[in-house]
Amino acid sequence: MVNLNTDIAGLHFENPVIPASGTFGFGEDFAPLWDLNRVGGIAVKGTTLEPRYGNPLPRIAECEGGMLNCVGLQNPGIEKVLSEKLPALRSVYKGVILLNISGFSEQEYLSCCEMASQSPDVDAIELNVSCPNVHGGGMAFGTDAKALGLLVAKLRPVCTKPLFVKLSPNVTDIVAVAKAAEEGGADGLVLINTLLGMRININTRKPILSNTTGGLSGDCIFPIALRMVYQVSNACSVPVIGCGGVSSGEQAVEMMMAGARAVQVGSASLRDPWACPRIAQEIADVCIKLKINSISDIWQKTL
Amino acid sequence: MVNETLTILSNESLARDVRMMRLACALVPEPGQFLQVSVPGGFLRRPFGVADYRDGVLSIIYKIVGKGTEYMSRMQPGQALDVLHYLGNGFRLQPGSKRVCLIGGSVGLAPLLYLARFVKDATVVMGFRSRADVMLREEFEALGCRVTVCTEDGSEGVKGFVTDALPEDMDYYYACGPMPMLRAVCNAAKVEGQLSLEARMGCGFGACVGCSIMTKDGTARVCKEGPVFSSDKLIW
Ligand SMILES: Cc1cc2nc3c(=O)[nH]c(=O)nc-3n(C[C@H](O)[C@H](O)[C@H](O)COP(=O)(O)OP(=O)(O)OC[C@H]3O[C@@H](n4cnc5c(N)ncnc54)[C@H](O)[C@@H]3O)c2cc1C
Ligand SMILES: Cc1cc2nc3c(=O)[nH]c(=O)nc-3n(C[C@H](O)[C@H](O)[C@H](O)COP(=O)(O)O)c2cc1C
Ligand code: FES
Chain A
14 MVNLNTDIAG LHFENPVIPA SGTFGFGEDF APLWDLNRVG GIAVKGTTLE PRYGNPLPRI
74 AECEGGMLNC VGLQNPGIEK VLSEKLPALR SVYKGVILLN ISGFSEQEYL SCCEMASQSP
134 DVDAIELNVS CPNVHGGGMA FGTDAKALGL LVAKLRPVCT KPLFVKLSPN VTDIVAVAKA
194 AEEGGADGLV LINTLLGMRI NINTRKPILS NTTGGLSGDC IFPIALRMVY QVSNACSVPV
254 IGCGGVSSGE QAVEMMMAGA RAVQVGSASL RDPWACPRIA QEIADVCIKL KINSISDIWQ
314 KTL
Chain B
16 MVNETLTILS NESLARDVRM MRLACALVPE PGQFLQVSVP GGFLRRPFGV ADYRDGVLSI
76 IYKIVGKGTE YMSRMQPGQA LDVLHYLGNG FRLQPGSKRV CLIGGSVGLA PLLYLARFVK
136 DATVVMGFRS RADVMLREEF EALGCRVTVC TEDGSEGVKG FVTDALPEDM DYYYACGPMP
196 MLRAVCNAAK VEGQLSLEAR MGCGFGACVG CSIMTKDGTA RVCKEGPVFS SDKLIW
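In the order they appear, the protein sequences are chains A and B. Counting in this note's numbering, the first sequence runs from 14 upward without gaps. Counting in this note's numbering, the second sequence runs from 16 upward without gaps.
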């Protein structure tokens, strides 16, 4: 038996697979398909202080080996998330619930962190400072190391749960932003969010997405995510969770060899709703093949 | 929802750039539901409405518009197709209505063909670009429907759009086709109906809200609360 347990920032994960925010809702669409307890954690849909409809359609485009989205943080608002969505998830799920929070101002992030800290159904907060699809939104914080450091330092004291910061890859120096988040007091880092991309319909000469640009995810971003996880886990001492283009157990193991303590799986679940439990099983199979007894042996051996 | 690989029984041309694929399938769909098809080289699955189901044979009708449908058109009987099914809410049958009209543009007729099995004495108004695109007339007539064909260039049937040929006395309708057609039908019809919408989909089963629209009841996912919506709930 391979030991898949992993402890990150004081939280215990039964296995290192975590559905990524925005690709899993609040679990409702997956719970009828498989026992949610087969994944170590769940990062729920990005939540804001007020309810948001998001961007008009079309919000989805495809590309070679991936997809683009400009959903624009559609969500019912944090009150409803805390009073309805998370209790419903908690009633069927014992693992780690990460509440993904976005904001348009420091005050909004503060209010959300305060409210989330009161909830028994939130195990950790995942700060989304990297959404590329909303104007004046989180990404402004995520691409400016100084602003991010200050924001995290403001939130850290009001946040009674482990605080993860999810980084944007849309920067020239990922290590600088990661270090700023760490110095601000982040308990862990999640990387990466989507890369800013675009598609044009050549028949109409118009962008396919309503927002012109959108966030690129899927297989094609895996090497970028892997490189960033590697750079950041070598430069920072807080734990790193890898995310971006993971769709198999082998890729998950590769991500952990780059330094990640766990992996988030996003777009892969959209084409294969059983992707997360399958990847968890595949990780165990790969470990047996590579004669690895415990997944902590993977990330502890730095490259 | 299940993920299955279905065996292709046939894959034949119906009209210009349109094919009908028949698949062996034990699960019985509701009219108006759809499936998500995986194509090699495509990252996302492709949604297609159920065009017919009878005696363990599921049919879809698809237009070749891009790389996924191009690939499907080259598939042979005996090959396997990976699908997620069945998805969406489907049409809700209106037992009170007597003079029902099925309104479809081109491949939008697909879900209406299966629906026609459940609706008695329907009138079908079908819209196409031109004569080379006309299809499914005999199939609807075989189910007891009266059929009016419209072509934009007048090369067959009524010259114009489906809205130029809506029966005066219809008391309910079901429509499927491109969004501009659906909007025109909704505006032209004096009675209520149900419309099957199209949206680019990330997942097809509710997870990504990539297909979410605003309705009079709030947000709704085309793939989950839809694809069929009552005309009085839509905001154009
Ligand atoms: C609920 C629903 C039911 C549908 N039923 C049918 C049907 O019965 N017959 C039929 O011919 N077509 C149907 N369509 C449209 C069909 O899904 C697209 O024509 C198809 O996805 C095109 O794939 P492609 O790879 O050939 O095109 P590409 O342009 O190469 O596809 C690129 C991406 O865009 C998406 N896309 C492109 N056009 C559309 C479109 N019109 N609607 C949604 N996504 C699109 C594709 O799924 C893919 O993700 C339906 C769409 C929806 C939403
Ligand atoms: C449709 C969609 C919606 C997303 N919504 C969010 C969100 O609300 N908050 C967030 O932090 N990331 C969001 N993401 C980003 C993913 O969580 C993930 O970081 C990214 O997709 C890269 O991983 P992947 O390649 O495995 O999909 C979204 C991604 C997709 C495809
Ligand atoms: S396509 Fe993902 S929610 Fe509808």
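Beta carbons: idealized from backbone N, C-alpha and C, even for Gly. Since this is a predicted model, take the numbers as computed values, not measurements.
Determine the burial state of residue i: buried for a count of at least 16 other Cβ atoms within 10 Å of its Cβ, exposed for fewer.
i                           : result
phenylalanine 106 (chain B) : buried
serine 104 (chain A)        : exposed
serine 28 (chain B)         : exposed
arginine 236 (chain B)      : buried
threonine 36 (chain A)      : buried
glutamate 156 (chain B)     : exposed
alanine 271 (chain A)       : buried
serine 246 (chain A)        : buried
threonine 61 (chain A)      : buried
glycine 78 (chain B)        : According to the sequence displayed, residue 78 (chain B) carries lysine and not glycine. Buried is the call here.
phenylalanine 133 (chain B) : exposed
histidine 100 (chain B)     : buried
glutamate 295 (chain A)     : buried
valine 52 (chain B)         : buried
lysine 304 (chain A)        : exposed
Helix, strand or coil, according to DSSP, for residue i in the structure here?
i                        : result
glutamate 183 (chain B)  : coil
cysteine 333 (chain A)   : Absent from the model: residue 333 (chain A). The displayed extent of chain A is 14 to 316, so no value can be given.
serine 132 (chain A)     : coil
arginine 218 (chain A)   : coil
serine 181 (chain A)     : coil
isoleucine 228 (chain B) : strand
alanine 33 (chain A)     : coil
asparagine 247 (chain A) : helix
threonine 61 (chain A)   : coil
glutamate 139 (chain A)  : strand
alanine 238 (chain A)    : helix
cysteine 70 (chain A)    : According to the sequence as given, residue 70 (chain A) is leucine; it is not cysteine. Note: leucine 70 (chain A) maps to coil in three-state DSSP.
leucine 108 (chain B)    : coil
arginine 144 (chain B)   : coil
arginine 274 (chain A)   : coil
Could you tell me which chain B residues have their CB closer than 7 angstroms to the CB of residue i, listed as they occur along the chain?
i                       : result
glutamate 139 (chain A) : Those do not exist, as glutamate 139 (chain A) stays about 18 angstroms from chain B at its closest Cβ, beyond 7 angstroms.
tyrosine 66 (chain A)   : Met229 and Thr234
aspartate 200 (chain A) : Those within 7 angstroms of aspartate 200 (chain A) in chain B number zero; the least Cβ separation is about 28 angstroms.
Could you name the residues of chain A that residue i contacts, counting a contact when the two beta carbons are closer than 7 angstroms?
i                     : result
valine 140 (chain B)  : None at all; the shortest Cβ gap to chain A is about 26 angstroms.
glycine 123 (chain B) : Neighbours of glycine 123 (chain B) on chain A: none; closest Cβ ~18 angstroms, over 7 angstroms.
Output, in chain order, the set of chain B residues within a Cβ distance shorter than 9 angstroms of residue i.
i                       : result
arginine 169 (chain A)  : Those within 9 angstroms of arginine 169 (chain A) in chain B number zero; the least Cβ separation is about 31 angstroms.
valine 84 (chain A)     : Gly217, Cys223, Val224, Gly225 and Ser227
aspartate 232 (chain A) : Phe58
What residue range does the alpha helix (DSSP H) around residue i cover?
i                        : result
threonine 84 (chain B)   : 82 to 88
asparagine 202 (chain B) : 194 to 203
aspartate 310 (chain A)  : 309 to 313
isoleucine 187 (chain A) : 187 to 197
methionine 269 (chain A) : 262 to 270
arginine 61 (chain B)    : Looking at the DSSP string, arginine 61 (chain B) is not in any alpha helix (DSSP H); the run it does join, the beta strand (DSSP E), is 61 to 64.
serine 245 (chain B)     : Premise fails: serine 245 (chain B) lies in the beta strand (DSSP E), 243 to 245, not in any alpha helix (DSSP H).
serine 104 (chain A)     : 99 to 105
valine 165 (chain A)     : 158 to 168
Can you pull the chain A residues whose beta carbon is under 8 angstroms from the beta carbon of residue i, in chain order?
i                       : result
alanine 222 (chain B)   : Thr36, Phe37, Gly38, Asp42, Phe43, Ser282, Leu283 and Pro286
asparagine 18 (chain B) : Asp285, Pro286 and Trp287
serine 53 (chain B)     : Arg284
How is the beta strand (DSSP E) around residue i delimited, first residue to last?
i                           : result
serine 211 (chain B)        : 208 to 211
phenylalanine 155 (chain B) : Premise fails: phenylalanine 155 (chain B) lies in the alpha helix (DSSP H), 152 to 157, not in any beta strand (DSSP E).
serine 25 (chain B)         : 17 to 30
serine 74 (chain B)         : 72 to 78
alanine 39 (chain B)        : 33 to 39
glycine 228 (chain A)       : 226 to 230
arginine 284 (chain A)      : That residue, arginine 284 (chain A), is in no beta strand (DSSP E); its alpha helix (DSSP H) goes 281 to 284.
leucine 209 (chain A)       : 208 to 211
leucine 24 (chain A)        : 24 to 26
leucine 124 (chain B)       : From DSSP, leucine 124 (chain B) is part of no beta strand (DSSP E) but of the alpha helix (DSSP H) over 124 to 131.
Find the residues of chain B that neighbour residue i, judging by a C-beta separation of less than 8 angstroms, and give them in chain order.
i                       : result
methionine 80 (chain A) : Phe58, Leu59 and Gly217
leucine 46 (chain A)    : Met16
glycine 258 (chain A)   : Within chain B, no residue comes near glycine 258 (chain A); the closest Cβ sits about 11 angstroms away, beyond 8 angstroms.
glutamine 87 (chain A)  : Val224, Ser227 and Thr234
Counting only Cβ pairs nearer than 9 angstroms, list the residues of chain E close to residue i.
i                     : result
alanine 214 (chain B) : Judged by its chain identifiers, the structure shown contains no chain E, and its protein chains are A and B.
*Beta carbon shell of ligand 1 at less than 5 angstroms from a heavy atom*: Residue selection by CB proximity (closer than 5 angstroms to any heavy atom of ligand 1) returns A:Glu75, B:Phe49, B:Leu59, B:Arg61, B:Pro62, B:Phe63, B:Gly64, B:Tyr77, B:Lys78, B:Val80, B:Gly81, B:Lys82, B:Gly83, B:Thr84, B:Val122, B:Ala125, B:Glu213, B:Arg215 and B:Pro242 in chain order.
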